[in-house]
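Notes follow the structure.
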Amino acid sequence: MRHVVLTSLLSLSLWCGCEAPRAPLDEDRLARNYDRLETEGHPDCDGLDPSYCMFPFPSDYWRRNGRLEFGETTLPQNRTHKHFDPSYYRQYDGYSTISVLMFRFPEATLAGTADQFTIAKSLEPDSKSVVLDAATGERVPHWLELDHFSVDGGQPVILIRLARPLQFGTRYIVAIRGLVDRDDEPVRPRPGFRALRDRSASRVIGIHARRAHFEEAIFPPLERAGVERSRLQLAWDFTTLSETSSTSLLLSMRDKLLAELGPEGPDYEITEVVDYPADDPGFARTVKGVAHVPSFLVPRTKGLYEVQKLRRDAGGDPQIEGYEDVEFEIHIPRSVLASDEPVPVMQHGHGFLGDKVQATREHLREFSNRKGFIIVAISMQGMSELDGVRWVSWLANSASRFPELLEPPLQGVMNHLAIVRMLKGRFLTESDPRFTHNGKPLYDPERIVYYGNSQGGTMGALMMSIRTGITRGVLGVPGGVFAFLLQRSVDFTTFVPVLRAAHPNIVDFTAIFALMQQGFNHMEPVHFMPRLTVNPYPNTPSHLVMLHIAKEDAQVVPEVSHILGRACGAKLPVPAIRHVFGFDEVEFPIANVNTMIEYDFGVPDNPRPTYPPPKATDTHGLLRKLVWSQDQMWHFLMTGETINTCDGPCDPD
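The sequence shown stops at residue 661 when you use this note's numbering, and every number in between is there.
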């Protein structure tokens, strides 16, 4: 009878995550792994999650000697069973501060966990998931969701999404407890982790060697935070990259560019002046030209679809050689030609894989004419229309090449900075009567502002964090957290068939998003936005931005924009359409702070909130066309004050 009872208790402990009754611990035998050999798993795999080699992710298991050192077979493989090359990731000393955390318990539900609408639940003492600063014990707000691609593929992957960026160069501990299956039974810890938790023999390769680390650096901080060891189903740690590892490349490029340009900016030529018909809704004239911007890119030698790389010296620092010919367009409304006073200039940022022509859309023509400002526009090099074709052809065989696509956009950022330097310098000496007034400039070089939508809002966030010539901007339906943005965007559906064909294993495909975020480290806006206003980078002014967000946006889901807003400390002016976790609410009007305004267009809530919203009810392009939205943003751009131009909350009522 006693044998039956003990056997039953042991069986129960395996399922519930509780410690079974056991004999006093024999430290000597434990130190020898109870004389057992580890024969299960693979040295390239973490071993805590046997369902997939790379999980849990991110993990310090692969952080060695201050660098990320994945094994040759750790990372996803393509249809020919070729794994991602791990060498790219060795440049980083840790993981993105806004990484998506991934692990698998295929039988688990997320019952009782925090979701995107109940983020505060993740900070409660009994939260089923814990993300903890290992040094301070501070809990990090987050939520859990099932990756929709893997759910549809029948192999669900659990994601932990961080509600705000982590600190640079900091170690964090992740803990999971209390997950249950569809029968409401506790999920069983996996053998590798259970051996660490219960101080029992390990049969999983690499687990025994990690005992000391878990005993010293993982279990004690969790216990101090009130997370009981015996209830753990999984725990691990990871370290974020240093700020230098993320931001130094772009800042070095900026400093070298501005030094090369000097105060006058790049040389340029005017190539065409276009006059519009008298019945045009806004523009009177467009000045087209080409600016010669110092280039950090190695020239193409293999044709138009070749992806350029940065030119670097032996130490990896970016180097200038030659020029990029950057086409620009300056759009002059009728009201500007009729004005006797210099007018403001708005630099426009275009949408996802678009181009400079988007600055000529009717709503912008009318807006600029009504408010009396000039628009200047260029295409974002590396992320414009032609680049979309390059992306598809480049990714057709493997997503492992994705990071190579992300160097040309850094030149694109430089081009935007250079055009503003040109407007503040060399272009002021123009004497052509078609774009001057009585021999003087039509515009005021001290009133240049930025406005971008979608990709223009996302890359605008990055540019606003480092630029010197503009201090105010409006980020329309902006993103950030690039891997999250793409995973939830209807725009990304174009690339899904290509990537799925290259990576038929659905868990491989899902894991690519985790690696993709690391690939964006040098240009992730959320890495830069904490320095936007407070403690800006050296030789950089403080900036202010307004975030304009559309509820039920199918191209950039608001949850991504919220993370961007939290990163820069934006306030939520009230009345607002809803409360948003992590934002201080302030009364309209408010000046000299970053703000986030959400607009509700009366579209029903997404019935499947972890999937991209329905394309048929997409609100992505609506906000920019509203007159009261335009009035709100223009007042902010000219004064730094956020006012309410809606009748109460910005909703259909």
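Glycine included, each C-beta is placed from N, C-alpha and C at the ideal position.
Give the range of the beta strand (DSSP E) segment to which F111 is assigned.
-> Unbroken beta strand (DSSP E) run through F111: 109 to 111.
Could you tell me the distance, in whole angstroms, from the CA atom of P615 to the CA atom of Q85?
-> For P615 and Q85, the distance between alpha carbons rounds to 33 Å.
With a threshold of 7 Å, establish whether the CB of V384 neighbours any heavy atom of the ligand ZN.
-> The model on display carries no ligand, and the ligand ZN is accordingly not part of it.
If we ignore side chains and look at the alpha-carbon of each, how far apart do R475 and V421 end up?
-> Each residue's Cα considered, the two are about 9 Å apart.
Residue(s) in a DSSP beta bridge with S137 | Here S137 is bridged, per DSSP, to I184.
Specify the secondary structure class of Y619 as computed by DSSP and reduced to three states.
-> Note: Y619 maps to coil in three-state DSSP.
Would you be able to state if there are at least three C-beta pairs under 8 Å between the region 527 to 547 and the region 404 to 414?
-> Taking 8 Å as the limit for Cβ pairs, the verdict is that the region 527 to 547 does touch the region 404 to 414.
Three-state secondary structure assigned by DSSP to Q327 | DSSP places Q327 in coil when its eight states are reduced to three.
When you compare only the Cα positions, how much space is there between D287 and P657?
-> The C-alpha of D287 lies about 36 Å from the C-alpha of P657.
Local Cβ density within 10 Å of M641, reported as buried at 16 or more and exposed below that = Classification for M641: buried.
Going by alpha carbons, who is nearest to S256 out of P164, C61, E532?
-> It is E532.
Within the region 328 to 368, note down every full alpha helix (DSSP H) run reaching 4 residues or more, in order along the chain.
-> Runs found: 342 to 345.
Please report the residue range of the beta strand (DSSP E) in which M554 lies.
-> Element bounds for M554: 552 to 558.
Helix, strand or coil at P29 according to DSSP, with G and I counted as helix | Per-residue confidence for P29 stands at a pLDDT of 47, beneath the threshold of 50, marking its modelled position as unreliable; the derived number appears in the next sentence. In the three-state DSSP reduction, P29 falls in the coil class, being neither helix nor strand.
Anticipated Cβ contact below 8 Å, M554 with T650, distance rounded = Contact between M554 and T650 holds: their C-beta atoms lie close to 6 Å from each other, under 8 Å.
State the Cα-Cα distance for the pair D160 and Y69, rounded to the nearest angstrom.
-> Straight through space, the alpha carbons of Y69 and D160 are spaced by roughly 30 Å.
Is it the case that the Cβ atoms of H556 and L631 are separated by a distance below 8 Å?
-> Yes, the Cβ-Cβ distance between H556 and L631 is below 8 Å.
Candidates P199, A426, G330, A522: closest to T47 by CA position | T47 has its Cα closest to that of P199, out of P199, A426, G330, A522.
Which stretch, first to last residue, makes up the beta strand (DSSP E) that contains I456?
-> Looking at the DSSP string, the run of the beta strand (DSSP E) that includes I456 is 451 to 461.
Where does N652 land, buried or exposed, given buried means 16+ other C-beta within 10 angstroms?
-> Result: buried.
State buried or exposed for V542, treating a residue as buried only when at least 16 other CB atoms are found within 10 Å of its CB.
-> Counting the other CB atoms within 10 Å of its CB gives V542 a total below 16, which places it among the exposed residues.
Using three-state DSSP, classify F291 as helix, strand or coil.
-> Reduced to three states, the DSSP call for F291 is strand.
Where does T647 fall in DSSP's three states?
-> Looking at T647 - three-state DSSP - the assignment turns out to be helix.
Sort E393, L425, L494, R320 by Cα distance to P274 and report the nearest one.
-> Of the candidates E393, L425, L494, R320, the one whose C-alpha sits nearest the C-alpha of P274 is L425.
Measure the Cβ-Cβ separation of V428 and Q366 and say whether it is below 8 Å.
-> For V428 and Q366, no; Cβs fall outside 8 Å.
Element boundaries [alpha helix (DSSP H), containing L257] | In the DSSP annotation of this structure, the continuous segment of the alpha helix (DSSP H) that includes L257 starts and ends at 251 to 269.
The beta strand (DSSP E) spanning R169 covers which residue range?
-> If you look at R169, you'll find it in the beta strand (DSSP E) that goes 166 to 170.
Taking only the alpha-carbon atoms, compute the straight-line gap between H570 and V588 and give it to the nearest angstrom.
-> Counting only the Cα atoms, V588 lies some 8 Å from H570.
Spatial distance of T6 from V334 (CA atoms) | Because the chain in this structure spans residues 9 to 661, residue 6 falls outside the shown range and cannot be described.
Who pairs with G484 in a beta bridge, going by DSSP?
-> N461, H556, per the DSSP bridge assignment.
Over what stretch of residues does the alpha helix (DSSP H) that includes H535 continue unbroken?
-> Run containing H535: 533 to 536, per the alpha helix (DSSP H) assignment.
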